[in-house]
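What follows is a short report on a single structure.
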Amino acid sequence: MTELRYLAPSTLDEAIGAFAAAGSAARILAGGTDLLVQMRSGAVKPGLIVDIKKIDEMTRIEQTADGGFRIGAAVSGMALHDHKSFGKIWPGVLEAVNLIGSKQVQGRASAGGNLCNGSPAGDSVPAMVAAGAIVTVQGPQGRREMKVEEVPAGPGRTNLKPGEILVSFILPPRPACSSDAYLRMIPRTEMDIAVVGVGVSLTLKDGVCTAARVGLGAVAPTVLLVEDAAKALIGSRLDDAALAKAASACSAACRPIDDKRGTIAYRTKVAGVLLKRTTAIAAKRASGN
Amino acid sequence: MAKVHVTTTINGEPMEYLCEPNDTMLDALRGPLGLTGSKEGCASGDCGACSITLDDSLVCSCLMLAVEAEGRELRTIEGMAQGDKLHPLQQKFLEMAALQCGICTSGMLIASDALLRKNPRPSEEEVRFWLAGNLCRCTGYDKIVRAVMETAAEMREAAQ
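Chain order of the listed sequences is A and B. Per our numbering, the first sequence starts with residue 1, numbered consecutively. Per our numbering, the second sequence starts with residue 1001, numbered consecutively.
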């Protein structure tokens, strides 16, 4: 049996040093709601666990000077929920994060873990993609930024380089009349994995959509940024014709699997339906801002 | 494997134990600490029978490493009653028969208590969503939800 070591460093440099030195045997521990299950089932047998929750930057929620947010990769869903202003500015990101598992899971699970777990069905990811979030990653070669949609590489895989750790999400400042929303389709009301998930973020000016981003989950090997759907919404008054065009773009982007949760035909159709519903919620919220 | 020495606070009492780096908090509670009120149902964070609070945050102790408790404050079902005096939720669960086999009960109580500390006036919908991570195979949930609602109402009255 391999000796398992547990480290809880208080600095990022220390964490990266240990994580990079241990190579593929090392795992990062944030909330642990995926890692502990994988260890228990024997799917993962780490030689080193690096707990990042003692690193201040990893657990901090910060409103930046320009009105954006910087959210540490290990911030729990419950901590984000309890933040006084985050949910007012990014209600879609918050509702997506708060759909991950039970209240018990939300007490631990983080958006950073959700992203790095690499599941195509991770609920927070389409909402972060729609939000235009940028992630900061740091490794032995230093710090760099990536668009959130560039992180997933396929089921269970990311484009982080060996030794790199996800540090934080940066959400941009919000213009007036902007908001976002996230909806997922599951066969029950709680505690399930998305069959389809759609995140929409948009800005309105005098009833016209001036900016939009659409993130689509659980219908391809990675979460998708659907630029054609956003293009169909931008410049429109979100009328039926624009919504139909954006819905078709979402359906066209789908490359889903066929499984017990949903067939290819079902997921493809639902992607379009959810786009319309999610856009309606985001638009309603935006017009109140 | 080298055992790790952990110093923590459980139900207000300083505690220490030795654990393996891959032991879960539930392993430590039910093993060296002898606190067997937290139950193992699924061991994968789905059933909530092992619910505890970690620095006032509701968590599944099966999804937490025992080494992570170092310097933290935990509360388990064993700390809920004050001596012989049951917590109002415990009393109400008994009165309203909100349990049958009892396996889920400690988790239900810890989760309900965490809800009422955060929100003393939950709606039925809020109670049902909050307890969605606590599975019960006996009661059909109705008695549990009603017991939590009733306790919340009585605790609000008592607080006035």
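Glycine included, each C-beta is placed from N, C-alpha and C at the ideal position. The structure displayed is predicted, hence computed values, not measured ones.
Asked, Found
"Pull up the distance between the alpha-carbon of P162(A) and that of G47(A), whole angstroms please.", "16 Å"
"Assign N117(A) to one of two classes, buried (16 or more other C-beta atoms within 10 Å of its C-beta) or exposed (fewer than that).", "buried"
"Measuring alpha carbon to alpha carbon, tell me which of K147(A), T203(A) and G122(A) ends up nearest S287(A).", "T203(A)"
"Which bits of chain A does C1101(B) rub up against, with CB to CB less than 7 Å?", "Those do not exist, as C1101(B) stays about 21 Å from chain A at its closest Cβ, beyond 7 Å."
"Relative to the alpha-carbon of T33(A), which residue among R1156(B), P1032(B), G1140(B) and L1063(B) has its alpha-carbon at the smallest distance?", "L1063(B)"
"Suppose you measure from the CA of T222(A) to the CA of P120(A); what does that come to, to the nearest Å?", "5 Å"
"Looking only at its own chain, which residues have a Cβ that is under 7 Å from the Cβ of R144(A), when we skip the five neighbours before and after it?", "V137"
"Can you tell me whether K1092(B) is buried or exposed? The criterion is at least 16 other CB atoms within 10 Å of its CB, across all chains shown.", "buried"
"Does I1047(B) pass the burial test, meaning 16 or more other C-beta atoms within 10 Å, or should it be called exposed?", "In the sequence as presented, Ile is not what sits at residue 1047(B); that position holds Cys. So C1047(B) counts as buried."
"Step through the CB atoms of chain C and report whether any lies within less than 9 Å of the CB of T189(A).", "The chain inventory of the structure shown lacks chain C, comprising the protein chains A and B."
"Let me know the secondary structure DSSP gives C1062(B) once reduced to three states.", "helix"
"Check T1036(B) in the structure and name its three-state DSSP category.", "coil"
"Less than 9 Å separating the beta-carbons of S41(A) and G132(A)?", "no"
"Mind checking which residues open and close the beta strand (DSSP E) that includes P152(A)?", "P152 to G154"
"Nearest by alpha-carbon distance to G1041(B): which of D1055(B), G1031(B), L1033(B) and S1061(B) is it?", "S1061(B)"
"Since I28(A) is in the alpha helix (DSSP H), which residue starts that stretch and which ends it?", "It is not in any alpha helix (DSSP H) - I28(A) instead sits in the beta strand (DSSP E) that spans A26 to L29."
"Comparing the C-beta of E3(A) with each C-beta of chain B, is any distance below 9 Å?", "yes"
"What is the DSSP secondary structure of C250(A), reduced to helix, strand or coil?", "helix"
"Going by the DSSP bridge assignment, what does S1057(B) pair with across the sheet?", "L1054(B)"
"What residues in the stretch 48-61 of chain A bring their beta carbon closer than 9 Å to a beta carbon of chain B?", "I49, D51 and K53"
"By DSSP's criteria, L225(A) is part of a beta bridge. Which residues make up the other side?", "G215(A)"
"Measure from the C-beta of V226(A) to each C-beta in chain B and report whether the shortest distance is under 9 Å.", "no"
"Compile a chain-ordered list of the residues in the stretch 1124-1150 of chain B whose CB is closer than 7 Å to at least one CB of chain A.", "F1129, W1130, A1132 and G1133"
"Under a three-way DSSP split, which group does D56(A) fall into?", "helix"
"Against chain B, does M128(A) count as a neighbour if the rule is that its beta carbon must be under 9 Å from one of theirs?", "no"
"Under the rule that 16 or more other beta-carbon atoms within 10 Å means buried, what is K284(A), buried or exposed?", "exposed"
"Where does I100(A) fall in DSSP's three states?", "coil"
"Report the residue ranges of all beta strand (DSSP E) runs contained in full by the stretch 1061-1110 of chain B; include only those spanning at least 3 residues, in chain order.", "1073-1075"
"Please list, in chain order, the chain B residues whose beta carbon lies closer than 9 Å to that of L80(A).", "In chain order: nothing, as chain B lies at least about 12 Å away."
"On a Cα-Cα basis, can you pick out the residue from R1075(B), S1044(B) and D1027(B) that is closest to P1014(B)?", "R1075(B)"
"Give the single residue among K260(A), P187(A) and G142(A) whose Cα lies nearest to the Cα of I165(A).", "G142(A)"
"T11(A) touches chain B at which residues, Cβ-Cβ below 9 Å?", "Those within 9 Å of T11(A) in chain B number zero; the least Cβ separation is about 17 Å."
"Return the CA-CA distance between A1111(B) and K231(A), expressed in angstroms with no decimal places.", "45 Å"
"Thinking C-beta only, is Q38(A) closer than 9 Å to G77(A)?", "no"
"Taking 9 Å as the threshold (beta carbon to beta carbon), is S1051(B) in contact with chain A?", "yes"
"How should E1068(B) be labelled, buried or exposed, when 16 other C-beta atoms within 10 angstroms of its C-beta is the threshold for buried?", "buried"
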